[in-house]
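Structure record follows, encoded as structure tokens.
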Amino acid sequence: MLLNKSIETFLHHCKLERSLSELTLKAYKKDLEQFKQYIPEDNRDIEQIDKFIIRNFLQVLNNSYKPRSVKRKIATLKSFFNFLERDDIITTTPFRKIHLKIDRSKILPKTISRSSINMLLKNIYIERSKFDSDHRGYKEMTRDIAVIETLFLTGIRVSELCQITCNSIDLKNEQIKILGKGKKERVVPLCAQSALKILKEYANIYAEHLAVNDAFFLNRDHRPISDQSVRRIISKHCAISGIPERVTPHMFRHTIATMLLENGVDIRNIQTLLGHSSLSVTEIYTHVSLSSQREILNLKHPRKDFA
Numbered sequence: 001m002l003l004n005k006s007i008e009t010f011l012h013h014c015k016l017e018r019s020l021s022e023l024t025l026k027a028y029k030k031d032l033e034q035f036k037q038y039i040p041e042d043n044r045d046i047e048q049i050d051k052f053i054i055r056n057f058l059q060v061l062n063n064s065y066k067p068r069s070v071k072r073k074i075a076t077l078k079s080f081f082n083f084l085e086r087d088d089i090i091t092t093t094p095f096r097k098i099h100l101k102i103d104r105s106k107i108l109p110k111t112i113s114r115s116s117i118n119m120l121l122k123n124i125y126i127e128r129s130k131f132d133s134d135h136r137g138y139k140e141m142t143r144d145i146a147v148i149e150t151l152f153l154t155g156i157r158v159s160e161l162c163q164i165t166c167n168s169i170d171l172k173n174e175q176i177k178i179l180g181k182g183k184k185e186r187v188v189p190l191c192a193q194s195a196l197k198i199l200k201e202y203a204n205i206y207a208e209h210l211a212v213n214d215a216f217f218l219n220r221d222h223r224p225i226s227d228q229s230v231r232r233i234i235s236k237h238c239a240i241s242g243i244p245e246r247v248t249p250h251m252f253r254h255t256i257a258t259m260l261l262e263n264g265v266d267i268r269n270i271q272t273l274l275g276h277s278s279l280s281v282t283e284i285y286t287h288v289s290l291s292s293q294r295e296i297l298n299l300k301h302p303r304k305d306f307a
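Each residue of the sequence shown is one higher than the one before, starting from 1 at the first, in full-length UniProt numbering.
Structure representation (structure tokens):
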């Protein structure tokens, strides 16, 4: 079988049988297309790909990408060749004969500083107050605030936020049913009254459009909001607020997890909130918390006051 055909077969399997998200499928396709481009056209029979080709490709990756990206691309290739072996498309995966040396050092997640969070939350409400309540600007600012408050309040992924439906958010009982990775559902409480208030106001302002939409968060054309729209909203308001660092939607997730841990919340509760299937994924936030503790101790510990 040709490499191109085997990639199509694998992606079809991932979509229909494994029910992977569009985001994961897109990443798989991108990684496999990159691998295909590396293989010479006269050597694209899948059976001809051996450990030497894989090793050389991994060397190219190591020279061009950060360890985290390399690990993801390797994981894609391993999953691809394991599938081909299980389905008897190839005899043996070439990875079976390779000893991989991957940099497994933990890359600490980037968080938003407390001062920047404070600046952002304060400024977005100030910006909204500049509009009359019947002005389009007020309406869009209410939507933007609701998006930002939800990201910070719940720690959900941007893809999960975009998938919130009118049926999955229950403002009366103060909770959202989230459809996470692997189609796993979890219920996330809405515990801050300020956020609840803005979500209720958003739902009221957009009631006419929400009545004919499944999606809860809508763009300016009253269609379901996209990942890219959320990124633009955050970038726009961070710039207006004078926040120097680059802030992404996922940084809200890292930030709330780290802050909860620093405030003494049990790591298993944080795991449930974030929808992590494994505690080991959540444990990376303990490293961030320890870094913060070390910084505080360096500044505040009384030992420096003694000879």
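We treat Cβ as the ideally placed atom computed from N, Cα and C, and that holds for glycine.
Unbroken alpha helix (DSSP H) run spanning residue i, endpoints
i: I90; result: I90 -> no alpha helix (DSSP H), and no H or E assigned at all.
i: E230; result: For clarity, residue 230 is Val in the given sequence; the question names Glu instead. D227 to I240 is the span of the alpha helix (DSSP H), which, as asked, contains V230.
i: P249; result: P249 to E262
i: V70; result: P67 to R86
i: E22; result: E22 to Y38
i: Q59; result: K51 to S64
i: E208; result: A207 to L210
i: I267; result: I267 to L274
Residue i and residue j closer than 8 Å at C-beta
i: E160; j: I178; result: yes
i: P249; j: V188; result: no
i: L151; j: L171; result: no
i: L190; j: L153; result: yes
i: T76; j: L32; result: yes
i: I98; j: I54; result: yes
i: L61; j: K73; result: yes
Residue i, enclosing beta strand (DSSP E) - first and last residue
i: Q175; result: Q175 to L179
i: V187; result: E185 to P189
Through-space distance from residue j to residue i, alpha-carbon basis
i: Q127; j: K184; result: Strictly speaking, residue 127 in this sequence is Glu, with Gln absent from that position. Roughly 37 Å separates the two Cα atoms.
i: S235; j: R246; result: 8 Å
i: I89; j: D45; result: 11 Å
i: R96; j: R220; result: 51 Å
i: V70; j: L58; result: 8 Å
i: G180; j: L261; result: 22 Å
i: Q175; j: I169; result: 6 Å
i: Y202; j: R253; result: 22 Å
Simplified DSSP state of residue i, which is helix, strand or coil
i: T154; result: helix
i: D45; result: strand
i: T286; result: helix
i: L2; result: strand
i: H13; result: helix
i: T111; result: coil
i: L100; result: coil
When you compare the segment 239-257 with the segment 135-144, are there three or more beta-carbon pairs, one atom per stretch, that lie closer than 8 Å? no
If contact is defined by three or more beta carbon pairs under 8 Å, each pair taking one atom from either stretch, is the segment 2-10 in contact with the segment 23-43? yes
Any chance the segment 216-228 sits against the segment 160-173, with 3 or more Cβ pairs inside 8 Å? yes
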